[in-house]
């Protein structure tokens, strides 16, 4: 039975799992799960009976309702880092550099992935939520929470620039080839694409190595990287248009 | 060269690493690192020159200043989950059940550990910080942050009770023996010992399986569990005395 990946391409961990599969020729069926709850969706979003049925089935597969979740035969697994490591270990087509057999290299990758959970993730996700996404999920924008998330985010970007991206290596931990950690962290950062462009540039301008590393990871996983991020790029265009429409004075001056 | 463990026994991830070493007969030198920064310590706490020197040396070992950190020969590693997995893989004396060779079992342990980062950890640590610890670190207690942390904590305890502790198994994931996940999560929960006893009982009373599981993990790692938690038990006594002294009316009624 083919691997099943339950995912929402608007979720950054879902994108990381799908890209790993595609880059390494792992055959899988992708099952779309919409993360936003029915009542949280904007009124124009029609939830069909088919989608209700799908969500109902998913709750049997993962009672915690999290994506990405995979089903490999009878084996079910969620949490994206655990999935990335499992896929890299279970599918022989995945090249060693994604999750090396070497104990020390593997341990360092675990260390980056753990750091990600309590630093880059709350920083990036918290900032995007409280400056852009909240109204689309039925919540209010929260400037205090956004300021706190920005502190965590800039500290995380600084740690990436000065600590995890060592010397002139193209990837994390001084590596010449990407690992699951590069993929997970870059997909996390990519959500910042939905920010106002000036704001995004303000956040990133001090971190040149981070920008190069994102581009290195993108290039190493093309064309799949851009294909899987198409949903996010579409969302970015939508947010950009809305920002222009809400500032007609500014638009006419450009 | 003997393994070095840089730790603060008041930090729950430090305790998990030390207990794993002791239970499995891994020889190590423990180096005490005081987590609280000098300016954050209460005035009566004297920082000696020796301690300044120690903190200075530690910054060379881990520029991010996190504990636990280990040094094994020339190999340095931080993030407790990464360390637990490394030790269980690198030291043959560690029994298989702590981190099984079986790919599926291992993946499930990663899944619990990842879940811990974004659920139980912010819930437990956030609640203790904002109801007890903050004044001792030069910060103010924050009732709004405490209420938010309590929501995450109770949801996490409920998920442990109904999802991760399956059937009548003694440990997580339906296991009859503990893994690094049991050790990490139980050490996290143990910090709730410093709460007011009534408050702690209020939080835990709905979760009988969680209480049994904590006791199972404690018993499986004795006498080391209690020895390593001695610093925490001491802090608990101190906080209890302070609470009694600040409520003389209540004390006289008891």
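Residue numbers (UniProt numbering), protein chains in the order written: chain B, 1 to 254; chain G, 1 to 254.
We put the beta carbon where it would ideally sit given N, CA and C, even for glycine.
- Contact between residue 87(B) and residue 78(B) does not hold, since the beta-carbon distance rounds to 13 Å and is not under 8 Å.
- Only exposed fits residue 25(B), as fewer than 16 other CB atoms lie within 10 angstroms of its CB.
- Taking every protein chain shown into account, the CB of residue 188(B) has 16 or more other CB atoms within 10 angstroms, so this residue is buried.
- In terms of Cβ geometry, residue 90(B) and residue 113(G) do not form a close pair [threshold 8 Å].
- For residue 7(G), the enclosing beta strand (DSSP E) has its first and last residue at 3 to 7.
- Counting the other Cβ atoms within 10 Å of the Cβ of residue 179(B) gives 16 or more, which makes it buried.
- Not one beta carbon of chain B lies nearer than 8 Å to the beta carbon of residue 98(G).
- Using a Cβ-Cβ cut-off of 8 Å, residue 148(G) is close to nothing in chain B; its nearest Cβ partner there is about 10 Å away.
- Per DSSP, residue 166(B) lies in no alpha helix (DSSP H) and is assigned neither H nor E.
- Apart from sequence neighbours up to five positions away, the residues of its chain that approach residue 17(G) with a beta-carbon distance below 8 Å are 5, 7, 68, 70, 80, 83, 84, 87, ordered along the chain.
- Non-local beta-carbon contacts of residue 184(B) in its own chain, meaning distances under 6 Å to residues more than five positions away in sequence, involve 16 in chain order.
- Spanning the alpha carbons of residue 159(G) and residue 1(G) requires a straight line of approximately 42 Å.
- Contiguous alpha helix (DSSP H) elements confined to the UniProt domain "GST C-terminal" (102 to 248) of chain B occur at 103 to 118, 120 to 128, 143 to 159, 180 to 190, 197 to 204, 208 to 220, 224 to 228, 230 to 246, taking only those with 4 or more residues.
- Neighbours of residue 88(G) in chain B, taken as residues whose beta carbon is under 8 Å from its own, are absent, since the nearest beta carbon is some 11 Å off.
- Within the same chain, Cβ atoms closer than 8 Å to the Cβ of residue 62(G) are found at 6, 69, 76, 78, the five residues on either side in sequence being excluded.
- Per DSSP, reduced to three states, the secondary structure at residue 32(B) is strand.
- The way I'd put it, the segment 138 to 146 of chain G doesn't touch the segment 205 to 221 of chain G; fewer than three beta-carbon pairs between them come closer than 8 Å.
- Neighbours of residue 85(G) across chain B, judged by C-beta separation under 9 Å: 106, 107, 110.
- Residues of chain B with a Cβ closer than 8 Å to the Cβ of residue 79(G) are, in chain order, 110, 111, 114, 115.
- Annotation for residue 176(G): 169, 170 place their beta carbon closer than 7 Å to its own, counting only its chain and skipping 5 residues before and after.
- For residue 159(B), the C-beta contacts it makes with chain G under 8 Å involve 64, in order along the chain.
- Annotated as distal: residue 23(G) and residue 229(G), with beta-carbon spacing of 8 Å or more.
- Straight through space, the alpha carbons of residue 14(B) and residue 135(G) are spaced by roughly 40 Å.
- A Cβ-Cβ separation of about 10 Å leaves residue 201(B) out of contact with residue 192(B) under the 8 Å criterion.
- Residues of chain B whose Cβ lies closer than 8 Å to the Cβ of residue 201(G) do not exist, since the nearest Cβ in that chain is about 27 Å away.
- Identification of residues in the segment 154 to 188 of chain B having a C-beta nearer than 9 Å to some C-beta of chain G yields 159, 162, 163, given in sequence order.
- At a C-beta separation below 7 Å, residue 58(B) has no neighbours in chain G, since its nearest C-beta there lies roughly 15 Å away.
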